[in-house]
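> Residue numbers (UniProt numbering), protein chains in the order written: chain W, 1 to 292; chain R, 1 to 438; chain B, 1 to 276.
Note that the Cβ used here is the ideal one computed from N, Cα and C, for glycine as well.
Predicted model, so just to flag it, every value in this text is computed and none were measured.
My questions all concern the structure below.
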Amino acid sequence: MATKASRSAARIMMAPAVVLLLGWMLVPLIMTLYFSFKRYLPLRGDSLDRGLDWVGFDNYVRFISSSSFWPSVQTTLVMVGGVLIITVVLGILLAMLLDQPFFGQGVVRILVIAPFFVMPTVSALVWKNMMMDPVNGVLSHLWRFFGAEPVSWLSDVPLGSIVLIVSWQWLPFATLILLTAIQSLDSEQLEAAEMDGAPPLRRFWHIVLPHLSRAITIVILIQTIFLLSIFAEIFVTTGGAFGTRTLTYLIFQRVIDSQNIGLGSAGGVYAIILANIVAIFLMRIVGKNLDK
Amino acid sequence: MSLKSTLRAATALSLITAGSAFADGHSATITIATVNNGDMIRMQGYTDQFTEETGIAVEWVTLEENVLRQRVTTDITTNGGQFDIMTIGMYEAPIWGSNDWLVPLDDLSAEYDVDDILPAMRAGLSYNGTLYAAPFYGESSMVMYRTDLMEEAGLEMPAAPTWQFIREAAAAMDDPENDINGICLRGKAGWGEGGAFITVTGNSFGARWFDEDWNAQFDQPEWAEALNFYVNLMNDYGPEGYATNGFNENLSLFNQGKCGMWIDATVAASFVTGDDSTVADSVGFALAPNSEGVDKRANWLWAWALAIPAGTQQADEAKQFIEWATSKDYIELVAENEGWANVPPGARTSLYETPEYQAVPFAQMTLDSINAADPNNPTVDPVPYTGIQFAAIPEWAGMATEVSQEFSAAYAGQQTVEEALANAQAIANETMEAAGYR
Amino acid sequence: MARAISPRRKLITTAAAWTIALIIFFPIFWTILTSFKTEAQAINDPPLFFNFDWTLENYSVVQERSDYMRFLWNSVIIAGGSTLLGILIAVPAAWSMAFVPSRRTKDILLWMLSTKMLPAVGVLYPISLLFVEFNLLDTRIGLVVVLMLINLPIIVWMLYTYFREIPGEILEAARMDGATLKEEILYVLTPMAIPGIASTVLLNFILAWNEAFWTLNLTAANAAPLTAFIASYSSPEGLFFAKLSAASTMAIAPILILGWFSQKQLVRGLTFGAVK
């Protein structure tokens with residue numbers, strides 16, 4: 001029903017956001033692409049002013065043939081997948097619990113969403129030192145209290161520990177979205193099913209879960225966007241050791257530790273490709289689910 | 001390039017507005033990036049005195065070591081110019097100096113007495129004979145041990161122990177029931193953490209990173225011996241989770257009385273005998289060990305030093321600060337207020353000639369340890385690089401961090417020593433090939 | 001919820017909910033508690049709960065070493081500035097997407113979100129070089145722009161979902177009455193959208209406040225926010241649990257308090273308006 005005039009007005013109004021984001025995407029992307037075909041080792045005196053040597057696909061070949069590449073892709077997927085599964089499953093359970101009437105709902109909700117406000121560096125530091133320290137951490141005190149041998153979390157179960165920390169940060173988000181969705185569930189429908197004698201598990205499977213599908217999609221979409229670029233939690237806790245080196249972290253090591261900008265940029269291009277594969281995959285599902 | 005000029009104009013405009021709103025009217029302010037070690041924190045406390053004397057205000061950017069390295073390296077390679085003084089180490093100084101990224105410190109005043117700087121430190125912070133960074137403090141590594149526990153065990157620490165004796169002593173002092181580990185050592189990944197320690201341990205077993213043609217040497221028996229010795233020692237008598245312990249974690253353990261021995265930086269001596277330590281009265285010191293029959297000890301050599309990036313607008317003010325912070329007067333200032341044991345050690349010859357400082361229990365051992373380290377001949381067999389716990393090449397930081405991550409994974413039991421060495425060999429050779437050494 | 005609930009069931013639910021809530025909140029509680037201990041008490045075995053001498057010493061040590069207010073102020077300006085700038089740019093875009101949709105609208109929206117998937121470390125070098133080129137390093141304005149760009153997709157997305165809830169008939173009625181586009185947005189749309197905008201502002205303020213990669217890498221002294229403040233306490237020499245706790249508490253307290261006071265809007269914001 002929109003008129004021609006409002007259509008062109010709409011384009012103009014959209015322009016700033018689109019142009020800015022396009023610039024924000026393209027300018028660094030083009031620079032990254034450019035560097036990825038160059039030998040760029042600043043510590044060996046290479047610089048833009050002096051001109052960089054063209055090396056063709058050397059950086060791409062070297063990055064992908066490095067022994068660290070595939071493990072890092074795997075680590076990335078395990079980490080993102082692990083956090084998604086934990087937050088969605090626990091989020092659904094927690095949301096269903098919080099949906100029940102109980103005393104002190106307001107306070108409980110405040111406590112549950114609190115981790116979301118904690119900046120990633122702080123939460124990584126707090127977990128690493130106060131919670132997971134093998135000597136003075138709360139968890140090791142707890143283990144000793146029950147007569148168990150304290151666990152050296154960050155070296156014995158490094159990936160699990162990081163997944164735990166990140167899940168702690170994102171559980172509030174998942175819970176809140178799912179809780180809002182559950183609250184909008186038609187209780188009469190549930191009651192009717194209860195009257196019909198449908199067992200709880202079946203009610204959950206056939207009524208609650210389908211109702212939540214849209215909310216779950218949102219949780220997965222938004223979290224994936226943030227989880228693919230997890231950095232502070234790894235940097236602070238293990239520094240990429242013990243098999244916690246994600247693709248993002250591997251690029252960081254190539255760019256910052258090794259100061260090999262060409263190699264790191266090639267890695268960046270791979271990461272962009274990976275992100276886009278995940279994105280297309282996600283967009284397909286999300287696009288469908290959002291139309292509902 | 002009209003877009004660029006437009007952007008520039010817009011930026012300039014916003015900068016002027018932002019700048020005028022927040023400018024504080026000071027004549028000169030220098031920005032210093034530093035590491036959050038105790039001696040630097042102390043220096044921050046005395047900054048007001050410097051400002052009073054010179055009228056130059058100082059902004060501190062204090063960061064944890066890893067973050068600091070990341071920040072200053074990016075800043076220097078992109079010519080960011082965010083800092084007027086950077087705290088760097090012996091690894092960075094010669095490489096950056098050779099790229100002309102640092103202001104040469106060749107015109108320091110006569111009172112500063114540059115010849116007083118310990119020769120080992122001065123050499124390590126110079127490139128082609130030109131000093132590029134002034135040492136704030138310097139260190140080697142040595143054995144710190146609990147005299148009370150040694151006595152109980154009926155052992156006596158020689159002034160220059162071997163690894164074999166260290167193992168014997170660790171076995172004797174290990175007391176899990178009372179929460180005492182025989183020995184605490186660094187295992188944390190990172191070239192400056194566990195990487196530095198295992199490299200000097202390798203040196204003291206006759207191992208080396210590269211032969212003279214830059215071929216990685218992790219497939220040689222010396223490395224297997226060194227790494228196996230370390231892993232067995234730590235698994236038998238080390239603390240839980242040692243694979244994530246670095247300097248700070250071990251310091252904290254030692255201060256809580258949970259370690260019989262600790263082999264680490266000589267600067268730790270003033271902390272383990274200081275107020276925060278529960279075992280301050282019973283700490284002894286000895287030279288870093290060697291394996292029996294090997295000519296090299298596990299001594300490293302390091303200095304935290306102040307350098308001026310070439311891009312700064314305030315080189316003169318920065319130089320003034322450096323002269324102040326690394327001077328004899330500064331040492332005396334700290335000695336007056338905090339006692340001689342707490343002055344920044346290892347930088348100046350005159351400090352070790354001061355009678356008051358000679359009375360400090362760890363002074364002589366620190367100096368001996370520094371003197372025992374030789375960056376030009378770090379290993380038994382010849383190597384193509386200088387540096388003891390590092391090789392002074394640009395590729396080192398990235399490569400050694402990855403290698404130390406492989407080692408840490410072995411400490412944590414995620415892979416065997418053999419697997420770790422094989423991976424290290426591959427990483428080192430890959431890096432050397434990529435960089436065109438071989 | 002018209003179902004009758006037995007008191008017993010309510011009690012059980014209460015116990016379960018509180019237990020879980022306390023477990024989730026425990027790390028924060030423990031950090032705040034530890035910040036009032038001495039360093040020795042902080043690592044006491046067994047851990048001390050309330051039976052210790054409460055001290056404010058850690059806070060004064062931290063304050064003495066780093067001027068908290070300056071970091072706080074930078075955080076406020078950077079998070080606030082980037083959010084407001086983002087809203088200014090996103091409102092028109094979201095408006096046109098919501099009320100004048102075309103076949104491409106959804107594609108554009110999803111494309112915008114996908115720009116958030118670019119790994120920041122991959123473009124650290126290009127961005128650093130650009131910042132050097134335009135003298136933006138260690139300036140608030142530079143960070144405001146970068147954080148705005150990072151969060152812009154989220155802002156557009158959220159506003160779009162809120163705007164879509166507003167019935168189009170109202171706008172058409174206004175148009176019939178001869179309202180111009182400007183009047184339509186200012187007097188009709190905005191008042192109805194205020195709750196949604198408030199939620200968006202809040203959530204993005206928090207996201208910008210907690211952003212720790214660009215804020216650390218592009219600042220030194222002048223523009224350094226609280227994320228840089230905390231970076232100097234992460235692993236110093238000696239015992240540091242109590243000081244780390246104090247610094248952590250100082251870094252998260254403002255946002256925690258803000259979040260708790262505006263919980264209702266925030267919950268709305270957290271759900272991105274996409275779930276009703």
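Taking Cβ positions only, does residue 217 of chain B come closer than 8 Å to chain R?
Sequence index remark: in the third sequence, residue 217 of chain B carries index 217 (1-based). True, the Cβ-Cβ gap to chain R drops below 8 Å.
> From the DSSP output, read off the bridge partner residues of residue 53 of chain W.
The residue labelled residue 53 of chain W in the question sits at position 53 within the first sequence. Paired residues: W:39.
> Taking Cβ-Cβ distances shorter than 9 Å, what residues in chain W pair up with residue 259 of chain B?
One-based indexing of the third sequence puts residue 259 of chain B at position 259. Neighbours of residue 259 of chain B on chain W, chain order: 110, 113, 114, 116 and 117.
> Can you tell me which of the three DSSP states residue 181 of chain R falls into?
By 1-based counting over the second sequence, the position of residue 181 of chain R is 181. Residue 181 of chain R falls in the strand class under three-state DSSP.
> What residue range does the beta strand (DSSP E) around residue 433 of chain R cover?
Stepping through the second sequence from its first residue, residue 433 of chain R is reached at position 433. Residue 433 of chain R -> not in any beta strand (DSSP E); alpha helix (DSSP H) instead, spanning 417–434.
> Determine the direct distance from the alpha carbon of residue 89 of chain R to that of residue 439 of chain R, and round the result to whole angstroms.
For residue 439 of chain R there is no data in the structure shown, the boundaries of chain R being 1 and 438.
> Taking any Cβ of chain R, which residues in the segment 231–258 of chain W have a Cβ under 8 Å from it, in chain order?
From the segment 231–258 of chain W, only 235, 238, 239, 240, 241, 242, 243, 245, 253, 254, 256, 257 and 258 have a Cβ closer than 8 Å to chain R.
> Contact criterion: CB-CB distance below 8 Å. Does residue 234 of chain B meet it with respect to chain R?
Position 234 of the third sequence, counted from the start, is the residue given in the question as residue 234 of chain B. Residue 234 of chain B counts as touching chain R.
> Taking the C-alpha atoms as reference points, what is the distance between residue 323 of chain R and residue 245 of chain B?
One-based indexing of the second sequence puts residue 323 of chain R at position 323. One-based indexing of the third sequence puts residue 245 of chain B at position 245. Distance between the alpha carbons of residue 323 of chain R and residue 245 of chain B: 36 Å.
> Give me the Cα-Cα distance between residue 506 of chain R and residue 116 of chain R, rounded to the nearest whole angstrom.
Since the first residue of chain R shown is 1 and the last is 438, residue 506 of chain R is not available in this structure.
> At 8 Å on the CB atoms, spell out the chain W contacts of residue 200 of chain B, in chain order.
Within the third sequence, residue 200 of chain B is the residue found at index 200, counting from 1. Simply none; closest approach about 14 Å.
> Classify residue 8 of chain W as buried or exposed, calling it buried when 16 or more other Cβ atoms lie within 10 Å of its own Cβ.
What you label residue 8 of chain W is simply residue 8 of the first sequence in a count that begins at 1. Counting Cβ neighbours within 10 Å, residue 8 of chain W comes out exposed, since fewer than 16 surround it.
> Is DSSP giving residue 244 of chain R helix, strand or coil here?
What you label residue 244 of chain R is simply residue 244 of the second sequence in a count that begins at 1. Residue 244 of chain R falls in the helix class under three-state DSSP.
> Along the alpha helix (DSSP H) that carries residue 186 of chain R, what are the first and last residues, could you check?
Position 186 of the second sequence holds residue 186 of chain R. Where residue 186 of chain R is concerned, there is no enclosing alpha helix (DSSP H), given that its DSSP letter is neither H nor E.
> Using only the alpha-carbon positions, how far apart do residue 366 of chain R and residue 118 of chain B sit?
One-based indexing of the second sequence puts residue 366 of chain R at position 366. One-based indexing of the third sequence puts residue 118 of chain B at position 118. Cα to Cα, the separation comes out at about 49 Å.
> Do three or more CB pairs link the segment 61–81 of chain B to the segment 152–172 of chain W at distances below 8 Å?
The segment 61–81 of chain B is not in contact with the segment 152–172 of chain W.
> Ignoring anything shorter than 4 residues, give me the alpha helix (DSSP H) runs that lie fully in the segment 25–95 of chain B, in order along the chain.
Listed in chain order, they are 39–42 and 57–65.
> Buried or exposed: where does residue 182 of chain B fall if 16 or more other Cβ atoms within 10 Å of its Cβ makes it buried?
Here residue 182 of chain B refers to the residue found at position 182 when the third sequence is read from its first residue. Residue 182 of chain B comes out exposed.
> Return yes when the Cβ of residue 58 of chain R is within less than 8 Å of the Cβ of residue 310 of chain R, no when it is not.
One-based indexing of the second sequence puts residue 310 of chain R at position 310. One-based indexing of the second sequence puts residue 58 of chain R at position 58. No, they are not a contact pair.
> Does the CB of residue 7 of chain W have a neighbour CB from chain B at under 8 Å?
Taking the first residue of the first sequence as 1, we reach residue 7 of chain W at position 7. True, the Cβ-Cβ gap to chain B drops below 8 Å.
> Do residue 434 of chain R and residue 94 of chain R count as a contact pair if the criterion is CB distance below 8 Å?
The sequence position of residue 94 of chain R within the second sequence is 94, counting from 1. The sequence position of residue 434 of chain R within the second sequence is 434, counting from 1. Cβ distance not < 8 Å, so residue 94 of chain R and residue 434 of chain R don't count as in contact.
> So what's residue 385 of chain R in DSSP terms, helix, strand or just coil?
Sequence index remark: in the second sequence, residue 385 of chain R carries index 385 (1-based). Three-state DSSP puts residue 385 of chain R in coil, outside helix and strand.
> Against chain W, with Cβ distances strictly below 8 Å, would residue 408 of chain R count as a contact?
Numbered from its first residue, the second sequence carries residue 408 of chain R at position 408. Closer than 8 Å: yes.
> Is the distance from the Cβ of residue 25 of chain B to the Cβ of residue 90 of chain W below 8 Å?
Numbered from its first residue, the third sequence carries residue 25 of chain B at position 25. Numbered from its first residue, the first sequence carries residue 90 of chain W at position 90. Contact: no.
> At a cut of 8 Å, does the segment 40–50 of chain W reach the segment 255–264 of chain W through at least three beta carbon pairs?
Yes, the segment 40–50 of chain W is in contact with the segment 255–264 of chain W.
> As a quick exercise: from R:233, R:408, R:388 and R:179, pick the residue whose alpha carbon is nearest that of residue 255 of chain R.
Working through the second sequence from its first residue, we reach residue 255 of chain R at position 255. When each option's Cα is compared against that of residue 255 of chain R, the closest is R:179.
> Chain W partners of residue 183 of chain R, CB-CB under 7 Å?
What you label residue 183 of chain R is simply residue 183 of the second sequence in a count that begins at 1. In chain order: nothing, as chain W lies at least about 15 Å away.
> Between the alpha carbons of residue 240 of chain R and residue 251 of chain R, how many angstroms are there, rounded?
In the second sequence, residue 240 of chain R corresponds to position 240, counting from 1. In the second sequence, residue 251 of chain R corresponds to position 251, counting from 1. Roughly 15 Å separates the two Cα atoms.
> Are the C-beta atoms of residue 271 of chain R and some chain B residue less than 8 Å apart?
Position 271 of the second sequence, counted from the first residue, corresponds to residue 271 of chain R. By this cut-off, residue 271 of chain R is an interface position.
> How should residue 118 of chain R be labelled, buried or exposed, when 16 other C-beta atoms within 10 angstroms of its C-beta is the threshold for buried?
As a working mapping, residue 118 of chain R is identified with position 118 in the second sequence. Buried.
> What residue range does the alpha helix (DSSP H) around residue 218 of chain R cover?
To locate residue 218 of chain R, count along the second sequence from 1; it is residue 218. Taken as a continuous stretch (DSSP letters only), residue 218 of chain R belongs to no alpha helix (DSSP H), as it is neither H nor E.
> Let me check understanding here. Comparing Cα to Cα, which of R:153, R:192 and R:421 lies closest to residue 303 of chain R?
Walking along the second sequence from the start, residue 303 of chain R turns up at place 303. Of the listed residues, the one whose Cα sits closest to residue 303 of chain R is R:192.
> Please state whether DSSP places residue 264 of chain R in a helix, a strand or coil.
For the purposes of this step, residue 264 of chain R is taken as the residue at position 264 of the second sequence. Correct three-state label for residue 264 of chain R: strand.
> For the putative contact between residue 260 of chain R and residue 333 of chain R, defined by C-beta atoms under 8 Å, what is the C-beta separation to the nearest angstrom?
Position 260 of the second sequence holds residue 260 of chain R. Position 333 of the second sequence holds residue 333 of chain R. That pair is no contact at about 36 Å.
> Applying a beta-carbon distance threshold of less than 7 Å, which residues of chain W neighbour residue 395 of chain R?
In the second sequence, the residue the question calls residue 395 of chain R occupies position 395. Chain W residues near residue 395 of chain R: 258.
> What residues are listed by DSSP as bridge partners for residue 175 of chain R?
As a working note, residue 175 of chain R is residue 175 in the second sequence. DSSP lists R:180 as partners of residue 175 of chain R.
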